[in-house]
Each structure stands twice: as structure tokens, then as C-alpha cells.
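Reading through the C-alpha cells given below for one structure.
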Amino acid sequence: MYCERKMDWKLEREFEAELRLLGSIRHINIVRLLCCVSGACEKLLVYEYMENGSLDRWLHGGHRELDWPGRVGIAIGAAQGLSYLHHECSPPVVHRDVKSSNILLDSKLRPKIADFGLARIMARPGEKQHSTAVVVGSFGYMAPECGYTNKVNEKIDVYSFGVVLLELITGREASDGGEYGSLNKWARLHFQKGRKIIDAVDHRIRNPVHLDEIEMVLKLAIICTRTLPSTRPTMKEVLQILLRCDRRFRNDEGLSLERDCDLLLQNKSSSWRSKSKTKVEIEDLVDNVNIV
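Going by the working numbering, the first residue of the sequence shown is number 71, and it counts up by one from there.
This is the structure:
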């Protein structure tokens, strides 16, 4: 698979950023850069071949279907890739354009995050964080703060990933919110008005066996897409919850999903900004999701 970039000043900068990042990142859930071909008028990035294309084609293409175990597996893999960028890269990396079309699937439907043209390296502690003068991201996936601040923060990736979770659950596109404009607003109001969860679920995955897990992921998606960045979980926390929402990773099938998550999320911190906190508040996740 290759990506052709005809050069103007903006694409030149994006190309150089993508090349630098991908040259240093190695993770099973991040697309692997094989080589770069540079010419006078154009440059090519050559990636590993991804047999099953992008996630958006599976969800919205109309001719392919993914069951719930497949969807939650993709969510877990993508979360692992983002968690690696945010928590294991030094300095941390913010993707800034997380969306279903930038999540590619290999022959085993293993997800890999692609397109790092807009990615930004976070400043190390004590260093000044540079800002960008342009709005970045894609419609339907952009966090609200992108409209009023140019400072980069990893919570914009969390927001965008929350929208991807909503796509996986509802089968709708990020911009398909009907009268509400965006999928996020549609899902938030659906939940807020007390409507049945199953009515928001993609008809292709309405298996009663999985409804508890689907409801849990829906609540997680709503938390990820909260308006205030500080009230969103980290990608490490998101990954922990998703692992508990997949029965393949639960130790005891006899435990209810709520209790299972409660075991994972006990000893929670009262502050979302606490650097030592590694757990999401269970009452937010399970019982009392705050829509605001």
C-alpha cells in the first residue's frame, strides 16, 4: 500500500511530520512504514499492505458486516495503539485525526492506526508546548475545544475515539446525527431522554447476548466525548474498560459486567487530573453517566 503526496508547502510539512513519526514508532496496532520514495515533484510513503481496507468501509460500505465481538476487538486494538502513543512514546504523540477511515484492517481484521500527517509531539515536562494556528481534525470527530484553542492535548484523541466507538455501536457515520447534526449529539440526547439503548444499536449486532457489553461501551463513548477535556478518561483507562467489555478478557464468566468493571475500577481517584490516577470513576461509567 502506498500514499502519494503531491507537494505544496502544507503537504510538505505533513509529509515530513509523518515520516519522522512513523520512522520511530513500532507497535502492532500502528501501520508500519516500509520506505519513502522521494522525487522532485512528489514523494511516496510505502506502508505495509492492509488487506481489509479501512474500518469505515466495513461499517458504512453496505456490503460488509462485522459482528459485535469483531467490533469490540477492533476497538481494543485501536485503543492499544492510541494508548501506546499517549503513554509509552517519549515524548507522547497526539494523532489529532482519529477516525474510522484512519483505522486500517489487516487480513485478520487486526486494526492499525494510519495517517500521521497531522500528528503532534507533546512537549516534555518543563518545555513550552507549541501551538498550531489552524483547526485540525475531521468534521464529526473534532473535540469542541478545537474551535476555541490551538493548544494540542491528548484528550482530543480520546474525544475522536469516542466517536469511533459510537460508529461501531450504531453503524452510523460521524456526521449522521439527523436533526442534531453530529452522531455524538444524537447519541447523547438519545441516552439523556431515557430511550431504549437497543434502539440506538446497529441492527446487525442486536444480539441479546451482547447487549450488556454494548451498553457499557456506549456509556464509555459518551464519557469520552464529554465537552470538558479534563472530564474525559485517558486512553489507558479507556483500554482497561474495553478489555473488561470483551468477555474473552474477563476471568470469571459468572461475574456481571457491572461488577467486573467495579472490580477493575475500585480505588478510584476523585480528580480527573491526578497524575497518579489510573481508574475511571465507576459510578460515571456504569450507573450515573453525566451527559453534560
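Even for Gly, the Cβ is constructed at its ideal location relative to N, Cα and C.
Could you tell me the distance, in whole angstroms, from the CA atom of residue 108 to the CA atom of residue 153? What you label residue 108 is simply residue 38 of the sequence shown in a count that begins at 1. What you label residue 153 is simply residue 83 of the sequence shown in a count that begins at 1. Distance between the alpha carbons of residue 108 and residue 153: 31 Å.
Just confirm the distance between the C-beta atoms of residue 95 and residue 166, as a whole number of angstroms; I'd bet it's less than 8 Å. Position 25 of the sequence shown, counted from the first residue, corresponds to residue 95. Position 96 of the sequence shown, counted from the first residue, corresponds to residue 166. Between residue 166 and residue 95 the Cβ distance is about 15 Å, and since that is not below 8 Å, they are no contact.
Do you know how far the Cα of residue 111 is from the Cα of residue 211? On the sequence shown, residue 211 is found 141 positions in, with the first residue counted as 1. On the sequence shown, residue 111 is found 41 positions in, with the first residue counted as 1. Cα to Cα, residue 211 sits roughly 32 Å from residue 111.
Cutting at 7 Å between CB atoms, please list the residues of its own chain near residue 83, excluding the five before and the five after it. The residue you call residue 83 lines up with position 13 of the sequence shown. There are no such residues.
Quick one, which of 119, 118 and 137 has its alpha-carbon nearest residue 278's? What you label residue 278 is simply residue 208 of the sequence shown in a count that begins at 1. Of the listed residues, the one whose Cα sits closest to residue 278 is 137.
If you draw a straight line from the C-alpha of residue 275 to the C-alpha of residue 79, how long is it? Indexing the sequence shown from 1 puts residue 275 at position 205. Indexing the sequence shown from 1 puts residue 79 at position 9. So the two alpha carbons sit approximately 45 Å from each other.
Compare the beta carbon distance of residue 169 and residue 208 with 7 Å and say whether it is the shorter of the two. Position 99 of the sequence shown holds residue 169. Position 138 of the sequence shown holds residue 208. Yes, they are a contact pair.
What are the start and end residues of the beta strand (DSSP E) that includes residue 112? Here the question's residue 112 lines up with position 42 in the sequence shown. Here the beta strand (DSSP E) through residue 112 covers 112-117.
Apart from the five residues on each side of it in sequence, which residues of its chain come closer than 6 Å, Cβ to Cβ, to residue 184? The residue labelled residue 184 in the question sits at position 114 within the sequence shown. 101, 172 and 174.
Give the list of continuous alpha helix (DSSP H) stretches no shorter than 4 residues that lie fully inside the stretch 212-295. 225-240, 253-262 and 281-294
Within the same chain, show all residues whose beta-carbon is closer than 6 Å to that of residue 240, passing over the 5 residues directly before and after it, in chain order. If you number the sequence shown from 1, residue 240 lands on position 170. Once the five neighbours on either side are set aside, the close Cβ partners of residue 240 are 270 and 272.
In angstroms, rounded to a whole number, what distance separates the CA positions of residue 264 and residue 243? To locate residue 264, count along the sequence shown from 1; it is residue 194. To locate residue 243, count along the sequence shown from 1; it is residue 173. Rounded to the nearest angstrom, the two C-alpha atoms are 22 Å apart.
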